[in-house]
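Participant: In the working numbering, the protein residues as written are 660 to 1324.
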């Protein structure tokens, strides 16, 4: 009954309206006001004592009630049912909340410590996360964790703040389904009547539970970024909570990973993690081999170079559109057959581009005069837009439709697929990537893809993005750390990821440097698959892989010998690969790795020094974001000090293959 309490209440209301109407019709003859009176009296059954009010039981000349003995029993039955539904509603609303409060106090004094997962707000994002988390945690930590939902009701200011049925109704409107879902997840449910959440709550019972817990994860995942960031300030101000947690509190805030928000991760007491849902969606493509740009440049696997330019079109430049540009620009950096940077052409169309473009180029100055990227303001469906799309459809292979609406995305993707099938003989080499935001949209996209020869690739569904592995374990971060640890072992260094993070923390220059090296580790980890595509390797059992691994081990032995030979214990930077075909492939991969590194640095706002300041030294200015090594492979050869840094790119290639062999074991 709880799941359908609204339907029961509506049914009893209608029956009460009819029953009161019958009674009023016989006691208010000649008046049409009995309809309104009957409705008001029926509503009153749910909220206060009810009687026959205006229905005169023994009026002169009114024989209806006297002659119909069944009327009053049915009336009292309806009244009882109305009170019963009200009681069930209140128990459902407040019972679990009271139980949760008692459970939290019991946990504080008597229970064994657990890991707490606290979700601020009961809405689609938090419910989806909690459901996904529960599936995994029940397998790995059953009985060792507890979920907590903090309810927040946005009650209009003109509604009285005292306890009243009106307040209950407004606070519970469109909320009951979420509450029931939270209860089904065996979560504690705590109401915070002050909105936004007050500091006192964080310094009270919650802080005491955090102190008792082995670890606490707090999730601020409203769709409103401003609200999430505001909540971060409150969490950080709750000194008792942060102080008692002793680094056991982790706060996850859904917001764009821009410079302003990333400052939170670097400068606050609590362990704050900025989670960009757009990047989470795009990371699904990063982990999907078929979605990588290396598949769209017709690689010559005998040399690990691209034989065709990479051409892409992005329609829509919102958060996902911008994240897609980052992904494509960084992961499409390859060598061409002449040993130069392969041609890249990424065209982005958006109705508000003239407003977005200045800020975008201010953040990424290296891209301002970059011929590889074209940003155009064009209204969707306009003649200019249709002309541009048709022109790009004739030669581009990689399309992204990101209009922030499932219906628009799928409709536009279907039109693009129809055009490609009709006009391109090589349409099978094209793909249209469509972000979807709901399970229904994802299902529709999958059905549409089957109808369009698999040209359409959906991605970004929240049920796949909002998982414990992606958010709490942070798969991207773990892969980055894994690569960095392997790289450190390879070059004979012992500094850990955490030690480096502490060393590069404080000033703006240090924070910039930390973000750069961490981003490079992430890119190094995710660029491994592109190396496999460029070399035609599908498995570590392939003959090509074993041959390249042998060439890498040969260089590795030479490096180890030089480390033992040199007084400082450092390897010789001039040791390269053999001159055979395997050595050529590996050297080309190292040059490609350097191009990828340049693209990654440019996307963090870095530029080269002005040409008149070029020097034969690996000069770096992290405050102004300038790097003297942001030069192509051939130009670096003109500067011995920069030429030595090629050893770093070769080592990244070596570690990539060694990790593939290690992970296969």
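Heads up, the beta-carbon is just placed ideally off N, CA and C, and yes, glycines get one too. These figures come from a predicted structure and were not determined experimentally.
Could you name the residues that DSSP lists as bridge partners for residue 912?
Facilitator: Answer is 879 and 933.
Participant: With a CB to CB cut of under 8 Å and the five nearest residues on each side skipped, what residues in its chain are close to residue 924?
Facilitator: 931, 932 and 933
Participant: Express the C-alpha separation of residue 979 and residue 985 in angstroms, rounding to a whole number.
Facilitator: 10 Å
Participant: Can you tell me whether DSSP reads residue 1234 as helix, strand or coil?
Facilitator: coil
Participant: Could you tell me which uninterrupted alpha helix (DSSP H) segments, each at least 4 residues in length, are contained entirely in the stretch 958 to 1045, listed from first to last along the chain?
Facilitator: Within the stretch 958 to 1045, the complete alpha helix (DSSP H) segments of 4 residues or longer fall at 978 to 990 and 1012 to 1022, listed in chain order.
Participant: Quick check: residue 1139 and residue 1172, are their CB atoms within less than 7 Å of each other?
Facilitator: Taking C-beta atoms as the reference points, residue 1139 and residue 1172 fail to come closer than 7 Å.
Participant: Roughly how far, in whole angstroms, is the beta-carbon of residue 1328 from the beta-carbon of residue 1286, given that I think they are within contact range, below 8 Å?
Facilitator: Since the first and last residues shown for the chain are 660 and 1324, residue 1328 lies out of range.
Participant: Quick one: what's got a C-beta closer than 6 Å to residue 945's C-beta in the same chain, skipping five residues either side?
Facilitator: 1185
Participant: Using the C-alpha atoms, what's the distance from residue 1035 back to residue 1123?
Facilitator: 32 Å
Participant: Please tell me whether residue 844 and residue 922 are closer than 7 Å, where the distance is taken between their beta carbons.
Facilitator: no
Participant: Assuming residue 1277 and residue 1299 are in contact, meaning their beta carbons sit under 8 Å apart, how far apart are those beta carbons, in whole angstroms?
Facilitator: 10 Å between Cβ atoms; not a contact.
Participant: What did DSSP end up calling residue 1101 once you bin it into helix, strand or coil?
Facilitator: helix
Participant: Residue 1081: which of 1132, 1177, 1052 and 890 sits nearest, CA to CA?
Facilitator: Taking residue 1081 as reference, the option from 1132, 1177, 1052 and 890 with the minimal CA-CA separation is 1052.
Participant: Provide the residue(s) that pair with residue 848 in DSSP beta bridges, ordered along the chain.
Facilitator: Beta-bridge annotation (DSSP): residue 848 is paired with 808.
Participant: Under 8 Å Cβ to Cβ from residue 1144, same chain only, skipping five residues before and after it: list those, please.
Facilitator: 1155 and 1156
Participant: Please report the distance separating the alpha-carbon of residue 673 from that of residue 842.
Facilitator: Going by the C-alpha atoms only, they are around 30 Å apart.
Participant: Quick check on residue 825: buried or exposed, where buried means 16 or more other Cβ atoms within 10 Å of its Cβ?
Facilitator: With a pLDDT of only 42 at residue 825, under 50, the local geometry of the prediction cannot be trusted, and the value read off the model is given with reservation. The residue is exposed, with fewer than 16 neighbouring Cβ atoms inside 10 Å.
Participant: Using the C-alpha atoms, what's the distance from residue 783 back to residue 1024?
Facilitator: 38 Å
Participant: What first and last residue would you give for the alpha helix (DSSP H) that runs through residue 1304?
Facilitator: Here residue 1304 belongs to no alpha helix (DSSP H), and DSSP marks it neither H nor E.
Participant: Within its chain, find whatever has a CB closer than 7 Å to the CB of residue 1255; leave out the 5 residues flanking it on each side and keep chain order.
Facilitator: 989, 992, 1182 and 1186
Participant: Taking DSSP's pairing of strands, which residues face residue 778 in a bridge?
Facilitator: 808 and 878
Participant: Can you tell me where the beta strand (DSSP E) with residue 1268 in it begins and where it stops?
Facilitator: Run containing residue 1268: none; DSSP gives neither H nor E here.
Participant: Have a look at residue 1148 and residue 1220 and give me their C-alpha separation to the nearest angstrom.
Facilitator: Their Cα atoms are separated by approximately 15 Å.
Participant: I'd like to know whether the C-beta atoms of residue 1001 and residue 1009 end up nearer to each other than 7 Å.
Facilitator: Not closer than 7 Å, so no.
Participant: With a threshold of 16 other CB atoms inside 10 Å of the CB of residue 919, please say whether the residue is buried or exposed.
Facilitator: exposed
Participant: For residue 1119, count neighbouring C-beta atoms within 10 Å of its own C-beta (all shown protein chains included) and say buried if the count is 16 or more, exposed if not.
Facilitator: buried
Participant: Rounded to whole angstroms, what is the Cα-Cα separation between residue 1177 and residue 1264?
Facilitator: 15 Å
Participant: Our contact map puts residue 737 next to residue 681 with C-beta atoms below 8 Å; I'd like the distance itself, whole angstroms only.
Facilitator: The Cβ separation is near 12 Å, so there is no contact.
Participant: Report all residues from its chain with a CB closer than 8 Å to the CB of residue 1037; omit the five preceding and five following residues, and keep chain order.
Facilitator: 1008, 1009, 1010, 1012, 1043, 1044 and 1047
Participant: So the candidates are 1310, 772, 1146 and 1115; which of them puts its Cα closest to the Cα of residue 875?
Facilitator: 772
Participant: On a CA-only basis, which of 1252, 1235 and 1021 is nearest residue 1315? Give me that one, please.
Facilitator: Of the candidates 1252, 1235 and 1021, the one whose C-alpha sits nearest the C-alpha of residue 1315 is 1252.
Participant: Which residues mark the beginning and the end of the alpha helix (DSSP H) in which residue 1067 is found?
Facilitator: 1065 to 1082 is the extent of the alpha helix (DSSP H) around residue 1067.
Participant: Let's test the definition: count the other Cβ atoms within 10 Å of the Cβ of residue 1322 and tell me whether it reaches 16, buried, or not, exposed.
Facilitator: exposed
Participant: When we look at the beta-carbon of residue 1284 and count the other beta-carbons within 10 Å, is it buried (16 or more) or exposed?
Facilitator: If you draw a 10 Å sphere on the C-beta of residue 1284, you find 16 or more other C-beta atoms in it, and that means buried.
Participant: If you draw a straight line from the alpha carbon of residue 1291 to that of residue 778, how long is it in whole angstroms?
Facilitator: 47 Å
Participant: Should residue 775 and residue 872 be called a contact, given that it needs their Cβ atoms to be closer than 7 Å?
Facilitator: Yes, they are a contact pair.
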